[in-house]
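**Q** The numbers in my numbering rise by one with no breaks, and the one at position 171 of the sequence shown is 403. Even for Gly, the Cβ is constructed at its ideal location relative to N, Cα and C. Just so it is clear, the structure is predicted and the values come from calculations on it, not from any experiment. One structure, pasted below without further comment.
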Amino acid sequence: MVKGLEKVKDIIIYMLYRLLEIVVNLVPEPLAYFIGKRFGDLVYILLKTRRQIAIKNLKLALEVDDVEADQLTKANFRHLGMVLIEFLRLSQLTEENVDEVIEIEGIEHLKEAQQQKEGFVLFTGHFGNWELLGAALALKGFSINALARDQGIELINDHILRTREEKGIDIFSNKGMVVKKAYRVLQQGEGLFMLGDQKSRHSDHYTEFFGLKARVELGPVALAARTNSTIIPVYIARQEIGKHKIFIREPVKVKRNITEEETNKKIRELTATLEDIIREYPTQWLWAHNRWKYSPDLRNN
């Protein structure tokens, strides 16, 4: 009985999701973005815990006062509302119009990696519209793969995966034989997106992020070393409504027989690129994520 009710609830939520997708694709772009910003305002009001985490994180990282942290949080939630709308309208991004929507700086780094047929780990974070990032690079002809966590509702999860794959991104679930799959695509000379800004429950490694220790996975560096791949930091930032810019940074080389100390240094180097872009666009990172939950620097707070 309970499972049956859960299934009905999932179907209703899926139908509402698809209805919103239809609506924002039918209305003019300015109205779609207006809906996204108002959705962000609503989430700011309703999700008190996430709002408080975002404000706390902004104060810790950027050393702003309560008023500025609250203003940045409001703008951040509106940004995330627009991220949702842009993902729902992803079908409108094509090979023909991608250059009108998204400017790319440093594309020569990706071209060189692909021409040399060596794998490349694309190090990024929950910054800007990270969904557009993979789609844009795939539409530009790069072989792009990504790990993806399953969403809670299977119907929505399957639809999201189809949406991503329609843009040319090969997705594999972040479970099962995930390491073997990651090895394979890198050894084939393809690109693999890896998010480097999530807290880790199981890792005992830390790196400095905005001056505070944060738990980190060493996976991006370890995979690159074992597959002789390059690591390329890459981010996307909103420039204005409907316009974005991708920043492809200088590749980070790693040795095959890298030591743990060198691995930690490379992780810090990569994390610093994320920190730099966040400082430049402070409303576009996922501040509501409890990044410093396990930080030893905050255990008494």
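(1) Could you check the C-alpha separation between E335 and H476 for me, to the nearest Å?
(2) For a test of the three-state rule: what should DSSP assign to T491, helix, strand or coil?
(3) What's the gap between the Cα of R470 and the Cα of N361?
(4) Mind checking which residues open and close the alpha helix (DSSP H) that includes E176?
(5) One question on the structure: do A456 and T462 come within less than 9 Å of each other, judged by their Cβ atoms?
(6) In the DSSP assignment, find the unbroken alpha helix (DSSP H) run with T395 in it and report its ends.
(7) When DSSP labels each residue in this structure, what does E350 get in the three-state scheme?
(8) Assuming D429 contacts H341 (C-beta within less than 8 Å), just tell me the rounded distance between them.
(9) Run the CB neighbour count on I480, radius 10 Å, all protein chains shown included, and call it buried at 16 or more, exposed below.
(10) Could you tell me the alpha carbon to alpha carbon distance between I376 and G268, rounded to whole angstroms?
(11) Tell me which residues share the same chain as S323 and place their Cβ nearer than 8 Å to its Cβ, disregarding the 5 neighbours each side in the sequence.
(12) Looking at V259 and G351, is the spacing between their C-beta atoms short of 9 Å?
**A** Quick look at the numbers:
(1) So the two alpha carbons sit approximately 6 Å from each other.
(2) If DSSP states are grouped into helix, strand and coil, T491 belongs with coil.
(3) In this structure, the CA atom of R470 is about 7 Å from the CA atom of N361.
(4) Absent from the model: residue 176. The displayed extent of the chain is 233 to 533, so no value can be given.
(5) In terms of Cβ geometry, A456 and T462 form a close pair [threshold 9 Å].
(6) Where T395 is concerned, the enclosing alpha helix (DSSP H) stretches over E386 to E398.
(7) E350 sits in coil when the DSSP states are folded into three classes, being neither helix nor strand.
(8) About 21 Å; that fails the 8 Å criterion.
(9) Buried: at least 16 other Cβ atoms inside 10 Å.
(10) In this structure, the straight-line span from the alpha carbon of I376 to that of G268 is close to 28 Å.
(11) Taking S323 as the centre and dropping the five residues before and after it, the same chain places the C-beta of N257, T395 and E398 closer than 8 Å to its C-beta, in chain order.
(12) The Cβ-Cβ distance between G351 and V259 does not fall below 9 Å.
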